[in-house]
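J.:
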Amino acid sequence: MHHYDLCVIGGGPSGYAAAMRAIDLGKRVLLVERDRIGGTGIFNGALTSKTMWEIAQRVSSTNELMRDRGREPLRLSWEEVQRTVNEAAFERKYLHACHMQLLATTGNGQFRHERGQASFTGPNAIRIERPGTTLDITAAHIIIATGSRPRSLPTIATDERHILSSDGIFSLEQQPRSIVIIGAGVIGCEFATIFANLGGTRVHLIDRAERILPFEDADVSELIARNLERKGVVIHRSATLDRIQVVDQEVEYSLSYADGRIETVRVEKALLAVGRVANLSGLGLEQAGLPIDPKSGLIAVNDTSTAVPHVHVVGDATGTNMLVNLGEMEGRHAVERIWAGRTDRLSYDNISTIMFLDPEVAGVGLNEQECRKRGIAHRVARIDYSCLARAIAMRRTKGFFKLIVTNDAEMRILGMRAVGEHASSAIEAVALMIRLGIPVRELAELVHPHPSITEGVQECARMLLGRSIFKPAAFADRMRCTEWSPEVPSVEAA
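Each residue of the sequence shown is one higher than the one before, starting from 0 at the first, in numbering that gives the first Met the number 0.
1) Reducing DSSP to helix, strand and coil, say where residue 241 ends up.
2) Could you check whether residue 139 and residue 309 sit closer than 8 Å to each other, using their CB atoms as the reference points?
3) Starting from residue 12 and walking both ways along the beta strand (DSSP E), at which residues does that stretch end?
4) Contact check, residue 480 vs residue 380 under 8 Å by CB: the rounded distance?
5) Hey, would you say residue 9 sits closer than 8 Å to residue 145, going by beta carbons?
6) In three-state terms, what does DSSP make of residue 375?
7) Leaving aside the five residues before and after residue 190 along the sequence, list all residues of the same chain whose C-beta is less than 7 Å from its C-beta, in chain order.
8) With distances taken from CA atoms, which of 56, 110 and 47 is nearest residue 4?
9) Quick check on the burial criterion: 16 or more other C-beta atoms within 10 angstroms. Buried or exposed for residue 39?
10) Which residues share a DSSP beta bridge with residue 480?
11) Can you give me the C-alpha to C-alpha distance between residue 107 and residue 404, rounded to a whole angstrom?
12) Just the Cα atoms here: how many angstroms apart are residue 357 and residue 148?
13) Write down the C-beta distance between residue 525 and residue 377 rounded to the nearest angstrom, noting that I regard them as a contact closer than 8 Å.
14) Would you kindly work out how many angstroms separate the C-alpha atoms of residue 306 and residue 300, rounded to a whole number?
15) For the alpha helix (DSSP H) that contains residue 93, what are its first and last residues?
16) Span of the alpha helix (DSSP H) holding residue 47?
17) Between the Cα of residue 31 and the Cα atoms of 94, 115 and 43, which residue gives the shortest distance?
18) Helix, strand or coil for residue 466 per DSSP?
19) Whole angstroms is fine: what's the gap from residue 159's alpha carbon to residue 172's?
20) Should residue 449 be labelled buried (16 or more other beta-carbon atoms within 10 Å of its own) or exposed?
21) Tell me whether residue 42 is buried or exposed, calling it buried when 16 or more other Cβ atoms sit within 10 Å of its Cβ.
22) Check whether the Cβ atoms of residue 335 and residue 344 lie closer than 8 Å to each other.
23) Give a yes or no on whether the C-beta atoms belonging to residue 455 and residue 420 are separated by under 8 Å.
24) According to DSSP, is residue 220 helix, strand or coil?
25) Going by CA-CA distance only, name the one from 298, 400 and 274 that's closest to residue 187.
26) According to DSSP, is residue 434 part of a helix, a strand, or is it coil?
27) Using only alpha-carbon positions, find the residue among 328, 316, 74 and 197 that is nearest to residue 295.
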């Protein structure tokens, strides 16, 4: 029986990162993946959906120029879209495959990859099964990185033909003429954006809340909603889905509203986008002494550690923080806790995120509504893209920067939101400043390239310090500073 220093169950972003970090530390590693290396990070998730978003953005940008010049709009065939998405997935998969092959053949037996379903047969024993083959191994340490799958609802049957999950949407054979998306969170809004930008699909978005993206500040969600509606998306706000079923090879759904209205709509396809759940079934967790919480259905995790000292859980398998960059961070962190003497806990305070919408939304740290929930007094500076030279040059002036700092003399950065072109590229300096505790004054003194979108971040810092080039009093509709405290709600800052 083979013995390893580390067995990683799951070859998605978090498991792969954990395995590679263990190799850095000279450990003998077995990486087990049931399906495809890369997991949702490559297939049916981050890479494929973002490739589709990039295609749709280019189509939309081209068609804006076409309309301005009285030309016919560009229409890509669904076959062309799928071919580009598949090419992107293949390129990334090929990188992983070549990498693992080189490690397996040149690493003196330090790394091994096995394909199959892994399950515990004892605290340190793992059985790997695939058709016709069973392999038993032992490992000093085990990391569970089994990823997630689309959440289902007992009242909605996803047949992956008419009613699709966020995995099944990538298997569409043709672009639908119409689609209803159930769920107005990140996944639902991203696919609404993709289909609206591609054109040719009438999109309906069902939102149980009063506004889409309810975890974000109202100014963020309202801008995204306006842009979606401008492109023809029908947003059913504060709607209850009473019924959805396949009728005559189409999808019919009925909604009810608080004011008593009832609406029935028929579309070609439906997408259920109500989040994801951890993959923990079939692991034989009881054999390892790992109990499942009956309420959450998850393994109890403290940082990345479990009740069994040599077993860790990372990535989507934790059931929280389901993002590729966080999964990779957790995978590396778990390995460093085991062998590198790391004792500090993971911090999510300066995590950068991006939502692929129209325009894109990037964030780091707290937003305004989170600050208010926590009772944190804060100041906010916001500047519209229409004040930025680079945005004007790009003809992309829809969007804004919003910088949030403590409401005191130090003005430590609490968070930032960027909504608009190049949003994700503009937040990294702020993420670093949050991590290092650098006050906003340092941001105001940086010398940015001109013209660049990041100049808007600097102008927010200058606004807070009373040094901005454009004065908020002159452009009150485009620039403003506000402050909030638990005792005194929102007021205009001096």
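By construction, the Cβ of each residue, glycine as well, lies at the ideal position given by its N, Cα and C atoms.
The model shown is predicted, which means the values in this text are computed figures rather than measured ones.
T.: Answer, in terms of the structure:
1) Counted from its first residue, the sequence shown places residue 241 at position 242. In this structure, residue 241 counts as strand in the three-state DSSP scheme.
2) If you number the sequence shown from 1, residue 309 lands on position 310. If you number the sequence shown from 1, residue 139 lands on position 140. The answer is yes: Cβ separation under 8 Å.
3) Here residue 12 refers to the residue found at position 13 when the sequence shown is read from its first residue. That residue, residue 12, is in no beta strand (DSSP E); its alpha helix (DSSP H) goes 12-23.
4) Here the question's residue 480 lines up with position 481 in the sequence shown. Here the question's residue 380 lines up with position 381 in the sequence shown. With 8 Å as the limit, residue 480 and residue 380 qualify as a contact, their Cβ atoms being about 5 Å apart.
5) On the sequence shown, residue 9 is found 10 positions in, with the first residue counted as 1. On the sequence shown, residue 145 is found 146 positions in, with the first residue counted as 1. Cβ atoms of residue 9 and residue 145: closer than 8 Å.
6) Here residue 375 is taken as the residue at index 376 of the sequence shown, counted from 1. Of the three classes helix, strand and coil, the one that applies to residue 375 here is coil, per DSSP.
7) Counting from 1 along the sequence shown, the entry for residue 190 is found at position 191. Excluding the 5 residues flanking it on each side, residue 190 has same chain C-beta neighbours closer than 7 Å at 168, 180, 270 and 272, in chain order.
8) Within the sequence shown, the letter at position 5 stands for residue 4. Taking residue 4 as reference, the option from 56, 110 and 47 with the minimal CA-CA separation is 110.
9) In the sequence shown, the residue the question calls residue 39 occupies position 40. Buried.
10) Working through the sequence shown from its first residue, we reach residue 480 at position 481. In DSSP, residue 480 forms a bridge with 380.
11) By one-based count along the sequence shown, residue 107 stands at place 108. By one-based count along the sequence shown, residue 404 stands at place 405. Residue 107 and residue 404: Cα-Cα distance of roughly 52 Å.
12) Working through the sequence shown from its first residue, we reach residue 357 at position 358. Working through the sequence shown from its first residue, we reach residue 148 at position 149. Computed Cα separation, rounded: 26 Å.
13) Any question about residue 525 goes unanswered here, given that the chain covers just 0 to 493.
14) Numbered from its first residue, the sequence shown carries residue 306 at position 307. Numbered from its first residue, the sequence shown carries residue 300 at position 301. The alpha-carbon atoms of residue 306 and residue 300 are separated by roughly 8 Å.
15) Translated into the one-based positions of the sequence shown, residue 93 becomes position 94. Run containing residue 93: 77-105, per the alpha helix (DSSP H) assignment.
16) In the sequence shown, counting from the first residue as 1, residue 47 sits at position 48. Per DSSP, residue 47 belongs to the alpha helix (DSSP H) from 45-67.
17) As a first step, residue 31 must be located in the sequence shown, where it is residue number 32. Checking every option, the nearest Cα to that of residue 31 belongs to 115.
18) Here residue 466 is taken as the residue at index 467 of the sequence shown, counted from 1. Residue state, collapsed to three classes: coil.
19) As a working mapping, residue 159 is identified with position 160 in the sequence shown. As a working mapping, residue 172 is identified with position 173 in the sequence shown. Rounded to whole angstroms, residue 159 to residue 172 spans 11 Å at the Cα level.
20) By 1-based counting over the sequence shown, the position of residue 449 is 450. Exposed, since its Cβ has fewer than 16 Cβ neighbours within 10 Å.
21) The residue labelled residue 42 in the question sits at position 43 within the sequence shown. With 16 or more Cβ atoms within 10 Å of its Cβ, residue 42 is classed as buried.
22) Sequence index remark: in the sequence shown, residue 335 carries index 336 (1-based). Sequence index remark: in the sequence shown, residue 344 carries index 345 (1-based). In this structure, residue 344 does not lie closer than 8 Å to residue 335 by Cβ.
23) Along the sequence shown, read from residue 1 onward, the residue named residue 455 stands at position 456. Along the sequence shown, read from residue 1 onward, the residue named residue 420 stands at position 421. No, the pair does not count as a contact, with Cβ atoms beyond the cut-off.
24) Here the question's residue 220 lines up with position 221 in the sequence shown. Residue 220 falls in the helix class under three-state DSSP.
25) Within the sequence shown, residue 187 is the residue found at index 188, counting from 1. Nearest of 298, 400 and 274 to residue 187, Cα basis: 274.
26) By 1-based counting over the sequence shown, the position of residue 434 is 435. Correct three-state label for residue 434: helix.
27) Here residue 295 refers to the residue found at position 296 when the sequence shown is read from its first residue. The option with the nearest alpha carbon to residue 295 is 316.
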